[in-house]
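A.B. asks:
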Amino acid sequence: MEPELRLLLEKAVHDSESFEHRFDAEVWLADMSGRLQRFIKDDRERLEFLRLLHREAQRASIPPELALAVIEVESRFDRFAISSAGAQGYMQIMPFWLKEIAGPEDNLFHARTNLRMGCTILRFYLDKERGNLVGALARYNGSYGKPQYPNLVLRALNRRWQRG
């Protein structure tokens, strides 16, 4: 591992409050950083993103690897992505959510706002579907009853993000 990346990883581990143990943070961040490198080239940006994503996924009680798979399919980790329907950011959140529940300072291109809203919405649909991941993903994407989107996310999850 490059010395600069090692220092950045140590800082990310130290600043990660969403992990139960420091060792868990080090293992997860190092593993996911390697997997995410093809999408986010800058080491500092990548580790900050992973730290933030893990915190928001833990807050919403969803697996962070699932959130990574959703983001890969939704935006390919493009923070400024805008869909043809107008969804924005990493997790492709529709702007009406800002009008409904967010404050005037919130912005869907702000990573924390986007990840918090996306993870919370995904948790809601997981609960609504009583843990049925295919149904929850279809609801998240607005394609309930159609298997294409859930299949894409599950393929990304199994191919790139699932640990073990």
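The opening residue of the sequence shown carries number 38 in my numbering; numbering runs sequentially from there.
C-beta: ideal position from N, C-alpha, C; glycine also.
(1) Have a look at L103 and K136 and give me their C-alpha separation to the nearest angstrom.
(2) Would you call Q202 buried or exposed, if buried means 16 or more other Cβ atoms sit within 10 Å of its Cβ?
(3) Can you name the residues that DSSP bridges to Q125?
(4) From the DSSP output, in three-state form, read off E137 for me.
(5) Rounded to whole angstroms, what's the CA-CA distance from L73 to R83? Just pull it up for me.
(6) Hey, is the segment 144 to 151 in contact with the segment 160 to 169, meaning 3+ C-beta pairs nearer than 8 Å?
(7) Compute the Euclidean distance between the alpha carbons of R88 and P187, then round it to the nearest angstrom.
(8) Could you please give the first and the last residue of the uninterrupted alpha helix (DSSP H) stretch that includes R112?
(9) Under the rule that 16 or more other beta-carbon atoms within 10 Å means buried, what is H147, buried or exposed?
(10) Assuming S121 and R92 are in contact, meaning their beta carbons sit under 8 Å apart, how far apart are those beta carbons, in whole angstroms?
(11) Does G155 pass the burial test, meaning 16 or more other C-beta atoms within 10 Å, or should it be called exposed?
C.D. replies: With the given structure in hand:
(1) Translated into positions along the sequence shown, residue 103 becomes position 66. Translated into positions along the sequence shown, residue 136 becomes position 99. Looking at the two C-alpha atoms, the distance is approximately 27 Å.
(2) Since the first residue shown for the chain is 38 and the last is 201, residue 202 is missing from the structure and cannot be characterised.
(3) To locate residue 125, count along the sequence shown from 1; it is residue 88. DSSP output for Q125 lists I119, I130 as bridge partner(s).
(4) Within the sequence shown, numbered from 1, the residue matching residue 137 stands at position 100. Correct three-state label for E137: helix.
(5) Within the sequence shown, residue 73 is the residue found at index 36, counting from 1. Within the sequence shown, residue 83 is the residue found at index 46, counting from 1. Going by the C-alpha atoms only, they are around 7 Å apart.
(6) no
(7) Counting from one through the sequence shown, the residue named residue 88 turns up at place 51. Counting from one through the sequence shown, the residue named residue 187 turns up at place 150. Cα to Cα, the separation comes out at about 25 Å.
(8) As a first step, residue 112 is located in the sequence shown; it is residue number 75 there, counting from the start. For the record, residue 112 in the displayed sequence is Ser; it is not Arg. First-last of the alpha helix (DSSP H) with S112: 101 to 112.
(9) On the sequence shown, residue 147 is found 110 positions in, with the first residue counted as 1. H147 should be labelled exposed.
(10) On the sequence shown, position 84 is the one that residue 121 refers to. On the sequence shown, position 55 is the one that residue 92 refers to. Incorrect: roughly 30 Å between the Cβ atoms, too far for contact.
(11) The residue labelled residue 155 in the question sits at position 118 within the sequence shown. By the neighbour-count rule (16 or more Cβ atoms within 10 Å), G155 is buried.
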